[in-house]
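Worksheet: one structure, shown below.
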Amino acid sequence: MSFWRPIIGLEVHVELNTKAKMFCRCSARHFGRKPNVHTCPVCLGLPGALPVPNIEGIKRAILIALALGARINKDFWFDRKNYFYPDLPKGFQISQHFKPIGLGGQVPILIKGKEKNIALDNIHLEEDTGKLIHKENESLVDFNRSGVPLVEIVTQPVLSSGLEAKLYLQRLQQALRYLGVSDCDMEKGSMRLEANISVKDETLPVGRQELIMKNDKLPDYKVEIKNLNSFKFVQKAINYEIQRQIRILEKSKQPQQETRGFDLKKGITFSQRSKEAAKDYRYFPEPDIPPFKFSKKEIEKIKKRLPKLPWEWEEEMIKMGVARTWVKTITKSKKLSKLFMETAVLGKAEGIEPDQLAKYLVNRPALRKEPPEIIIKKIKTDLSKFSLELKEIKKYITQALKEQPGAVGDFKNGKVQVLGFLIGQVQAKAKGKADPKITAAEIIKQIKNGA
Amino acid sequence: MGVKKLNELTIIEVQKGLRNKSFSVKDLTKACFKQIRKTDDKLKAFVLLREKESLSLAEKYDQELKENPEVFAQKPLFGIPIAVKDNFCTKGIKTTASADILKDFIPPYNATVVEKMLAAGAIMVGKTNMDAWAHGSSTEASDFFTTKNPHDLTRTPGGSSGGSAAAVASNQVIAAIGSETAGSIRQPAAWCGIVGLKPTYGRVSRWGLIPMASSTDSPGPLTKTVEDAAIILSVLAGKDERDATTSLEPVKDYSRELKRKTKNLTLGVPQEYFLPKMDEKVVLTVKKAIKKLEKIGFKTKKISLFDPKYAIAVYTIIMRAEVSSNLGRYDGIRFGGFRKNFGQEAKRRIMLGSHVLSSGYFDQYYLHAQKLRAVIVQDFEKVFKEVEAIAAPTSPSVALKVGKAAKDLLFGEMQDILVEASAMAGLPGISLNCGWVNNLPVGLQIVAPQFREEIILKVAHAYEKSGL
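Note that the protein sequences, when read in sequence, are chains A and B. Using this note's numbering, the first residue of the first sequence is number 1, and each one after it goes up by one. Using this note's numbering, the first residue of the second sequence is number 1001, and each one after it goes up by one.
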């Protein structure tokens, strides 16, 4: 039996939310705008127009690199990536090839209860292209997006499943949103994904696996899947693609090196264009923009802009005794994390444990709209109302069910409305302090378990 | 001076005349157009003329001068009719780079150079012919027609700023703007017997200049005298927010610098720049000029620089690599004609440039050339520890006959062999007339370290003032 190891790398493009474009001073807002209103000679690629870098864009790219633990290149510069496409007005894209802003770095994820660091290859800055709109008999170009700053985050080929890819992407999106540098909105196209997938046969003599694993050599083909516009589809597409490649490999054939798309309805990938050989972009340093040198001091200054990152919030909450399930939900947004922390301080004085607070914030989304004082007040009222502990509730239920065999029988026969009567019986014993929701659930459980 | 026609005057002479009310701006502008009408059928320096607009602006300026006699203080080029090479974008005015693809292109913006010239009071009478996309050294590569040398109509004016050089040399205008990637200002200035100044790379903004090779393109003036070049450089030089490669280096008042006493400057004379196959009479003329520089007080010193043939190799690769990328935008989608309308020379450069950037060849060609370019820069730095400036011939020959370029694919590189190294190093250089061979002008070039334009202007001015 062969052991097939999927090898997956992800390329994520995120549009920075700077006011101006990357190389001209046009507005970078393009979503839902009238076509070609935010354009100038630079982003239209007119003769003699020159790119002038937006320093804020560079700083934000550095911020991303710092947040993801990448090493900032002492010198970095822009390169021209030459290719022809109607949405690329200059005939080249200003990108970074030889010296990207950030090298390495990692994104921590939690997969099946285990922490794993997804290693990054590099983080670089480039410009977005225009947008093609295809109509029946014509294709139109909208250059509002041309020149919008785009940061590309490239992983090493270290992911091994669709789930891992999804978790990585969620984590990355979360971190970037915490940084506030991008909306990361897949629907609006401010976050775009590409996956590179290949599968390796690692059938090895018993006992030699470890030895060979160290000597990793990538397969000499890879399949690129483009235009994946949701995390769910990424997961599905990758899993489908892995199986497709395995089926080919099992016939002792090699999958073709190509670009594939994903059919949402059928849930399958399909060939878009084959690329037998690597494309030749004829990269060379952009002569119109001098190289950059950021001093340690300047990098430190940017570092000061770093907010607390989701994994740092998580660590803190777990230390406070909050259960992982609650932590996961709360840290989904920076706003909620902040609200939790602020409220937790107040809660402590009022005897409300962080874990309890977290549970309330997760289970009652309406509470999140309130200021900390009100949240605490509401929880306190709630707690005093139904302050009975689960153990006690269980005890009263057991008693009540014993006393009311008739009602229990009715319930078993499908007369669910007797549940209310049984809750009332428990509540009478508990003097109204049992949480009705919990009580109801427990009653059903006990009856099912054969009370 | 009394015998000079108005169009033959220099900037300084025009300003004097206007101040003294000896003539009006309109008289001057008319005189220029009269000369253009008389000569340009044969010379073909211009691709576009703006007679009506120029005369009406001249009238306006005459009025302004009446109201404000001190206008020269704010507008150092007040009322000066100039020509602009057609690779500088001019708002609402056709800009073609003498390329068929752009024959109907009307830019919605001015090049910074144009903006500055106009703001300084210059009157742009027209746009001049050039080798298409500046790919050439004779204007024969223009997609429209060939400009002729005013000193001999069977010869070329040099190029690529040949139209601008011919216009100044034939007194069609008082001064002109050109651009140099490697030789395109200095070589036509030498062949037409005028002054051509290529500033340091990054001294003058490239915004709106249709690029040839972005890492060396430098706009600069073509003038009748060194003093005039200094006036125009003071107008053009400086940081431009629209060109990231312009320098923050403070701009000097170059006209004032000319008047300051020259200290004991030592000029280096590179032996390698007197090529074995060079026209002997040109060699003699330049050597005589260097003797004369000694006579007027400069020390000279024999120096050694890299054989200029290496600069040709480096330049050929880097320039074509950048050209192949810079011409990528002419796809005919947003403006201009289609790719099939590229001329032969442009196609050759695109092919060669794409090749040297291709994976598998990049290291061998482009990267290698860049390394050698750094070595050339160091070579000059070493020499400038011993001397303040370098004096050498501008071109290995006098103006060549029309038709020669077509027979030699590396014609430009060979004609520009003596200016390529300094262009690759981004150094400022000036060419001025230093004598005649067979009734054709010979150019002497002075080169200085980066951002030391005042040195080359001073040396050239001292030479010019001493009388040939």
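For each residue, glycine too, the CB sits at the ideal point set by N, CA and C. Since the structure is predicted, the reported quantities are computational estimates derived from the model, not experimental observations.
- If you look at residue 1218/B, you'll find it isn't in any alpha helix (DSSP H); it sits in the beta strand (DSSP E) that goes 1218-1223.
- The Cβ neighbour count for residue 449/A, taken over all protein chains shown within 10 Å, is under 16; the residue is labelled exposed.
- Three or more beta-carbon pairs drawn from the region 1206-1224 of chain B and the region 39-53 of chain A are found closer than 8 angstroms, and the two stretches are therefore classed as touching.
- Each residue's CA atom was taken as its position, placing residue 245/A and residue 199/A some 7 angstroms apart.
- Closest in C-alpha terms to residue 176/A, from the list 154/A, 64/A, 188/A, comes 64/A.
- Per DSSP, the unbroken beta strand (DSSP E) holding residue 224/A starts and ends at 223-228.
- Distance from residue 1036/B to residue 1080/B at the Cβ level is roughly 15 angstroms; contact not present, criterion being Cβ atoms closer than 8 angstroms.
- Around the beta carbon of residue 1329/B, 16 or more other beta carbons sit within 10 angstroms, so the residue counts as buried.
- Beta-bridge partners of residue 80/A (DSSP): 94/A, 284/A.
- Between residue 1333/B and residue 86/A the beta-carbon gap is near 6 angstroms, inside 8 angstroms, which marks them as a contact.
- In this structure, residue 1387/B sits near residue 1266/B, with a CB-CB distance shorter than 7 angstroms.
- With its beta carbon less than 7 angstroms from one in chain A, residue 1333/B belongs to the interface.
- Among the residues facing chain A, residue 1109/B is included, as its CB has a counterpart in that chain under 7 angstroms away.
- With respect to chain B, the C-beta atom of residue 90/A has a partner C-beta closer than 7 angstroms.
- Here residue 134/A carries a strand assignment [DSSP, helix/strand/coil].
- For residue 406/A, the enclosing alpha helix (DSSP H) has its first and last residue at 405-412.
- Per DSSP, reduced to three states, the secondary structure at residue 1033/B is helical.
- Counting C-beta pairs with one atom in each stretch, the region 236-253 of chain A and the region 182-193 of chain A have fewer than three that are closer than 8 angstroms, which means they do not touch.
- Selection 340/A, 434/A, 247/A, 83/A evaluated against residue 385/A yields 434/A as nearest (Cα-Cα).
- In this chain, the beta strand (DSSP E) harbouring residue 1197/B covers 1195-1198.
- Contact of residue 1243/B with chain A is assigned, a C-beta pair being separated by under 7 angstroms.
- Here DSSP, grouped into helix, strand and coil, assigns residue 1215/B to coil.
- Contact check for residue 1098/B against residue 1045/B fails: the beta carbons are separated by 7 angstroms or more.
- Where residue 1457/B is concerned, the enclosing alpha helix (DSSP H) starts and stops at 1453-1465.
- The region 1395-1407 of chain B and the region 1435-1443 of chain B touch, with three or more beta-carbon pairs separated by less than 8 angstroms.
- Taking the beta carbon of residue 52/A as reference, the chain B residues within 8 angstroms of it are 1241, 1242, 1243, 1244, listed in sequence order.
- Counting only residues of its own chain and dropping the five nearest sequence neighbours on each side, residue 170/A has a CB closer than 7 angstroms to the CB of 231.
- What residue 1321/B touches in chain A, judged by beta-carbon distance under 9 angstroms, is 282, 284, going in chain order.
- Straight across, the Cα-Cα distance linking residue 1213/B with residue 1319/B is about 5 angstroms.
- Contact between residue 197/A and residue 172/A is absent: CB atoms are separated by about 18 angstroms, not below the 8 angstroms threshold.
- CA-to-CA, the gap between residue 129/A and residue 26/A works out to about 14 angstroms.
- Fewer than three beta-carbon pairs drawn from the region 1108-1119 of chain B and the region 1150-1169 of chain B are found closer than 8 angstroms, and the two stretches are therefore not classed as touching.
- Taking 7 angstroms as the threshold, the shortest C-beta distance from residue 1098/B to chain A does not fall below it.
- Under the three-state reduction of DSSP, residue 254/A is assigned to coil, being neither helix nor strand.
- A residue is called buried when at least 16 other Cβ atoms come within 10 angstroms of its Cβ; residue 1243/B meets this threshold and is buried.
- By the beta-carbon neighbour count (other beta carbons within 10 angstroms, threshold 16), residue 274/A is exposed.
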